[in-house]
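Trainee: Sharing a structure below in C-alpha cells format, with a few things to ask.
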Amino acid sequence: VLLIAAPPPPADGDASAPPPQEVAWSMQVGTGSFHDQRSALGLAHYVEHLFVKVANEKFPDEDEFDDFVVRNGGQNAAHTGYDFTNYRGSLPSPKALLPSLERLAERFISSTFTDSLTEREINSIHAEFVRYLVEDGWRKMAAINRELLHPDSVHNWFHVGNEQSLKAAMADTTRSLPDLAKTFVQRFYSPNLAKLVVLSSGSSEEDLDALEAAVRDRFEKIPNNGTKLLEGPDYREDPDLLAWAHESGSTGSPTPLPSDFARFTTPENGRVPTANLHIQVVPTQDFHCLTFMWPIDDSQHPSLAALADYQWESKPFDFLSGLIGHEGEGSLHSELSLRRNLVSATSAGLGSMGSYGGHPCYQLSFTLT
C-alpha cells in the first residue's frame with residue numbers, strides 16, 4: 001500500500017482558501033489478457049467487466065460499489081492490459097473514501113458471479129468489440145499484429161473477446177462461465193500480485209498513519225494464494241500461464257509460447273526481427289499517416305518501462321526523440337511541412353509493435369496532408 005498526501009496550496013496562493021479535498025485510489029493486479037485461456041479468449045477483459053459490478057457477501061447488491069461512488073459525487077473506471085488489470089476512482093471529499101475502499105476490498109474477498117450478471121456483461125463485451133471494428137486505431141493494431149506476429153504469439157490472441165469467444169468456453173459442459181470467472185479471480189487476483197495507491201488530503205503524518213492502518217485492516221483480509229508469475233519475455237515459458245492457458249477445452253499442448261516474431265528471427269539476428277514489411281491499412285475516416293517502426297531486442301529491454309529507464313542519466317531515447325521530432329527551423333518537420341507541404345505533424349519516440357504492451361520498438365510517425 002502506498003499513501004500519497006495531496007500537496008499543500010502554493011505559498012503565493014490565497015491562504016484563506018480551503019485545502020484540496022479530492023481523494024483517489026488505484027489498485028492494480030498483475031494479471032491481464034496474457035492469462036486468457038485459449039478456449040475462453042477475452043476472459044481477463046470479461047472478468048474486469050464483472051468485477052466492477054459484482055456483488056459479495058457483505059454488499060449483496062450488484063452495482064453497489066459503483067452506485068456508492070456516484071452517490072458521493074465520485075467516479076471510477078477499470079482497464080485490462082496484457083499483464084495487468086487496473087481499478088481506479090476518485091471522490092470530491094474524503095468522507096466516503098474508507099467506505100469506498102471497503103467495498104473495493106470486499107470484491108476481492110467474496111465475489112458472487114450470478115448467471116444474470118455474466119450474461120449481461122457478455123453483451124457489454126460484445127458491444128465494445130463491435131465499436132472497435134470501426135475504430136481506426138484498433139484496426140491498425142490488429143493489422144500489424146496479423147502481419148508481423150507469430151500466429152500463436154500471445155499478443156496475437158483475441159484479447160477483447162466477444163459473444164462467440166466467451167460462450168465457446170461453455171462448450172465444455174463440465175464448467176460454466178461464472179465458475180470460470182470465479183476461478184480466474186481466485187487464481188490471479190492475489191494480494192502478492194497487486195498494488196494499491198491511495199491519494200489523501202490528510203494534513204499531517206498522524207492522519208496518514210491512521211489512514212494506512214484503516215486501509216490495511218480492510219485489504220489484509222484478501223486471501224493470498226501466493227501465485228507467482230514470470231515477467232518480461234520469460235512469460236512465454238511460465239508454467240502457471242501454460243498450464244492455465246491449455247486447461248479444459250483447449251486443443252493445444254502446454255508447450256512454451258513462441259517469440260512474438262519467431263517467423264522472422266534467425267540464428268543470426270536472434271530475437272530482433274528483420275521483417276522489412278510494408279503494411280497498408282485503409283482507415284474508415286479521412287485520415288492519412290505514415291509510421292516507421294524499428295524493433296528493439298526485448299531480451300535486453302522486456303518492456304517500455306525498462307526502456308524508459310535505460311541509461312536514465314543521459315536518456316538517449318529522449319534525446320533522439322527530441323532531435324527527430326523537433327519542429328523548429330531547419331528540422332525534418334519544417335522541411336516536410338513548410339517547404340514541401342507533405343506532413344502536418346511529426347512525432348517520434350518509444351512505442352509497441354501492434355497492440356499496447358507488445359514488442360518494444362522505436363517509431364517515427366507523420367500525419368500526412
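Mapping of the sequence shown onto the UniProt record's numbering: position 280 corresponds to residue 280, and the numbering continues sequentially without gaps.
For glycine and all other residues, C-beta sits at the position ideal for the given N, C-alpha and C.
Everything numeric in this text was worked out from a predicted model, so none of it was measured.
Would F68 and S111 be called neighbours here (beta carbons separated by less than 9 Å)?
Mentor: For F68 and S111, no; Cβs fall outside 9 Å.
Trainee: In three-state terms, what does DSSP make of N76?
Mentor: Strand at N76.
Trainee: Considering only residues of the stretch 282-349, which uninterrupted beta strand (DSSP E) runs meet the minimum length of 3 residues and lie entirely inside it, listed in chain order?
Mentor: Qualifying beta strand (DSSP E) stretches, in chain order: 289-295.
Trainee: Let me know if T369 comes out buried or exposed under the rule of 16 or more other beta-carbons within 10 Å of its beta-carbon.
Mentor: Its Cβ having fewer than 16 others within 10 Å, T369 is exposed.
Trainee: How far does the beta strand (DSSP E) with Y87 in it reach, from first residue to last?
Mentor: Element bounds for Y87: 85-91.
Trainee: Nearest CA to the CA of L117: which residue from G322, V47, I109, Q164?
Mentor: Nearest C-alpha to L117: V47.
Trainee: Assuming contact is defined by CB atoms lying nearer than 9 Å, are T346 and H288 in contact in what I supplied?
Mentor: Not closer than 9 Å, so no.
Trainee: Note the first and the last residue of the continuous beta strand (DSSP E) segment covering A181.
Mentor: Here A181 belongs to no beta strand (DSSP E); instead the alpha helix (DSSP H) covers 177-188.
Trainee: Rounding to the nearest angstrom, what Cα-Cα distance links S248 and Q37 in this structure?
Mentor: Because the pLDDT of S248 is 47, which lies under 50, any placement of that residue in the model is unreliable, and the number read from its coordinates should be weighed accordingly. Going by the C-alpha atoms only, they are around 9 Å apart.
Trainee: If contacts are defined as beta-carbon pairs under 8 Å, then P94 and S200 qualify, I think. What distance do you get, rounded to the angstrom?
Mentor: Yes, P94 and S200 are in contact; Cβ-Cβ is about 7 Å, under 8 Å.
Trainee: Quick check on the DSSP output: what are the complete alpha helix (DSSP H) runs of length 4 or more inside the UniProt domain "Peptidase M16 N-terminal" (17-139), in order along the chain?
Mentor: Complete alpha helix (DSSP H) runs here, min 4: 43-53, 64-71, 97-110, 115-132.
Trainee: Hey, out of W244, H155, F219, N56, whose CA is closest to F188's CA?
Mentor: Selected option, being the one with the closest Cα: W244.
Trainee: Quick check: the Cα distance between G89 and V134, rounded to an integer number of angstroms?
Mentor: In a straight line, the C-alpha of G89 is about 29 Å away from that of V134.
Trainee: Can you grab the Cα-Cα spacing for the pair A24 / R71, in whole Å?
Mentor: The alpha-carbon atoms of A24 and R71 are separated by roughly 16 Å.
Trainee: Once the 5 residues before and after L91 are set aside, which same chain residues still bring their CB inside 8 Å of it?
Mentor: Here the set comprises E22, V23, A24, V69, N72, G73, G74, L97, S100.
Trainee: In this structure, does DSSP put I4 in helix, strand or coil?
Mentor: If DSSP states are grouped into helix, strand and coil, I4 belongs with the strands.
Trainee: Classify G252: buried if its beta carbon has 16 or more other beta carbons within 10 angstroms, exposed otherwise.
Mentor: Low local confidence applies: a pLDDT of 45 at G252 is under 50, so the model's placement there is unreliable, and no value is given.
Trainee: How about N225 and S176: are their beta carbons less than 9 Å apart?
Mentor: Result no, Cβ atoms of N225 and S176 do not sit closer than 9 Å.
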